[in-house]
Structure formats: C-alpha cells, structure tokens
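Under my numbering, think of the first position of the sequence shown as 4, with each following residue one higher.
In this text, a Cβ means the ideal position worked out from N, Cα and C, and glycines have one as well.
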Amino acid sequence: MPRAVLFDMFGTLLPGGSRAERDAVTGAMAADLGVGVADLAALWAATYDDRARGLLGDLDDTLAFLSGRLGADPTPDARARAAARRLEFTASLHRRTWALPALTALADVGVPIGLVSDCTIETPMVWDAGPLAGFFGAVSMSCVTGIRKPEPEAYLRATGDLGVDPGECLFVGDGGSHELSGAAALGMTVRRYTSPHSGDRVDPDTWDGPQIDNLLGVLDLL
Ligand SMILES: [Mg+2]
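1. Give me the residue from ARG99, SER120 and PRO134 with the minimum Cα distance to THR107.
2. Could you tell me the distance, in whole angstroms, from the CA atom of ASP76 to the CA atom of TRP130?
3. Return the Cβ separation of LEU73 and GLY30 in integer angstroms, given the expectation that the two are a contact with Cβ distance under 8 Å.
4. Between THR93, SER120, LEU109 and ALA105, which lies nearest to ILE150 when the distance is taken from Cα to Cα?
5. Touching or not, the region 164-179 and the region 192-201, by the rule of three or more beta carbon pairs under 8 Å?
6. Grab me the residues of GLU171's own chain with a C-beta within less than 7 Å of its C-beta, minus the 5 sequence neighbours each way, in chain order.
7. Is the beta carbon of ARG84 less than 8 Å from the beta carbon of ASP35?
8. Could you please go through the chain and list the residues whose beta-carbon is closer than 5 Å to any non-hydrogen atom of ligand 1?
9. For GLY39, does the three-state DSSP call read helix, strand or coil?
10. Taking the beta strand (DSSP E) that CYS172 belongs to, which residues open and close that run?
11. When you compare the region 152-171 with the region 111-118, are there three or more beta-carbon pairs, one atom per stretch, that lie closer than 8 Å?
12. Kindly identify the DSSP beta-bridge partner or partners of SER120.
13. Starting from LEU90, trace the alpha helix (DSSP H) in both directions and tell me its first and last residue.
14. How far does the beta strand (DSSP E) with LEU9 in it extend, from its first residue to its last?
15. If we call anything under 8 Å between Cβ atoms a contact, is ALA161 one with ALA136?
16. Could you please give me the residues that DSSP links to THR192 through a beta bridge?
17. Which residues in the same chain as ARG54 place their Cβ atom closer than 6 Å to its Cβ, once the five residues preceding and following it in sequence are excluded?
18. Is the CB-CB distance between PRO169 and MET191 below 8 Å?
19. PHE139 by DSSP, collapsed to three states: which one?
20. If you compare alpha carbons, which of LEU96, ASP64, TRP101 and ALA105 is closest to ALA86?
21. Under the assumption that ALA33 contacts LEU43 (Cβ atoms under 8 Å), give the Cβ distance between them as a whole number of angstroms.
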C-alpha cells in the first residue's frame, strides 16, 4: 500500500482556467505590452515548453523577451502591469482549489504529500502565499528544475525530498503531460483524477488505469 501521495496541480488540485479566462488575460496583457492579441496568444502557446522549463527567466524577463520577438519594447511599468495581471490570474486559480478537504484529511493522518507540476514561472511566484503550500513536504516544479513530466527526475525530486521510494507513492493527476504513464513506469500506484473542473490538458495521457472522481478517495488507497 502506498504511504505517500504525489499530486499533479492543474486540473487536479485547482483549475487551469477556461479558454475564455485565459484569452481575456492574454488580451489585457497584449494591450499593456503594445503587441497584438493574437500574436501574443500564439507566441505564449509556442513558448510553453521553454517557459515550463524556466528557460526564459523571471516573469519580467519573459515579458520583455516575448514583446521583443513581436517587435515591441514596452516600458518597465508596462511590463509590470502585464506581470501583475498574469500573477493575479494565477493566484485566482489557486484560490479556487477544491483540494483542501482531501489535503487536510491526509495531513491529519500524517501522510507525506508532494507536488509534481509542469508549470511556468507564475506558479512559484504565487505558491508560498497561496492556500496549498503548507500541506506539501516536497515541491517539484518544472520551471524551477528544468525537468518536465514524464521525465523520471521530475518525480524523483519529490520522492527524494519526501524521503520515500517511488514504489511507496500514489500518484494522482488528471493526465496531462503523460504524467500517469511516467509515474507508473517508476512503479508508483496511479489514479487518474477525473473531474468537470479538469478542463484542457496539455499532452493528454493515453494511460488506461483506474480513476477517482473525488480526491477524498485517496484516503481509501493508503
Ligand atoms: Mg494536470
């Protein structure tokens, strides 16, 4: 039986945001930066892997780089407005977490909890002040480590920090980034989390194993 739990973040603990929400933020950022909305949206998507691996620097560096690629040179104040908009959007996603009952129940029984997330620089910027950080004994974020799921090291950073072997872990995720196959390959017990909240997934996983539709169900698997 697993004795520790690793969670994906977007679509598993909190929403990734609807396309309409994301488009609205991108549109407002484009206006701040003086670039075209469609151009920024396309470049934002095209640079996802680089951003998820932390290759474009901090958020201000990222906005300066993307603006430059689109032929703009926004002022520091303009970049700061766009950054603040993006950060507030990300923080709003964290405030909409549905995971607190399950995380609280796991903490109450002393289960080690880790995060394995493919995410961009905004996430670590809002994480510590958000509602989830206090529950997690290990955090593996791709934009910090440079390593994305399903690469084994993405998971092993978290298991190492928790002091557990992969075979002692339950991995729960909605299946983006081929994360379920990656966890299973390391010998973890795996559950796909299915929820109306889950929304769009990046690189959907074809792994075909057991599912849960309520995170409190994790308690029954330990
Ligand atoms: Mg996900």
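Short version:
1. Of the candidates ARG99, SER120 and PRO134, the one whose C-alpha sits nearest the C-alpha of THR107 is PRO134.
2. Inter-residue distance for ASP76 and TRP130 is about 29 Å (C-alpha atoms, whole angstroms).
3. LEU73 to GLY30, Cβ: 14 Å. No contact.
4. Shortest Cα-Cα distance from ILE150 to any of THR93, SER120, LEU109 and ALA105 involves SER120.
5. Contact between the region 164-179 and the region 192-201 is established, with three or more Cβ pairs separated by less than 8 Å.
6. The beta carbon of GLU171 is closer than 7 Å to those of PRO5, ARG6 and ALA7 in its chain, skipping five residues each way along the sequence.
7. Yes.
8. Residues close to ligand 1 by the beta carbon criterion (under 5 Å to any non-hydrogen atom) are, from first to last along the chain, ASP11, PHE13, GLY14, ASP177 and GLY179.
9. Residue state for GLY39 is assigned as coil, using DSSP reduced to three classes.
10. Its beta strand (DSSP E) spans residues 172-176.
11. Short answer: they touch.
12. According to DSSP, SER120 bridges with MET144.
13. DSSP places LEU90 in the uninterrupted alpha helix (DSSP H) bounded by 79-98.
14. From DSSP, the beta strand (DSSP E) with LEU9 extends over 7-10.
15. No, they are not a contact pair.
16. Answer by DSSP bridge pairing, in chain order: LEU173.
17. Only residues of its own chain outside the window of five on either side were considered, and among them THR123 have a CB closer than 6 Å to the CB of ARG54, listed in chain order.
18. Taking 8 Å as the cut-off, the beta carbon of PRO169 is found closer than this to the beta carbon of MET191.
19. Looking at PHE139 - three-state DSSP - the assignment turns out to be coil, as it is neither helix nor strand.
20. Nearest C-alpha to ALA86: ASP64.
21. The Cβ separation is near 4 Å, so the contact holds.
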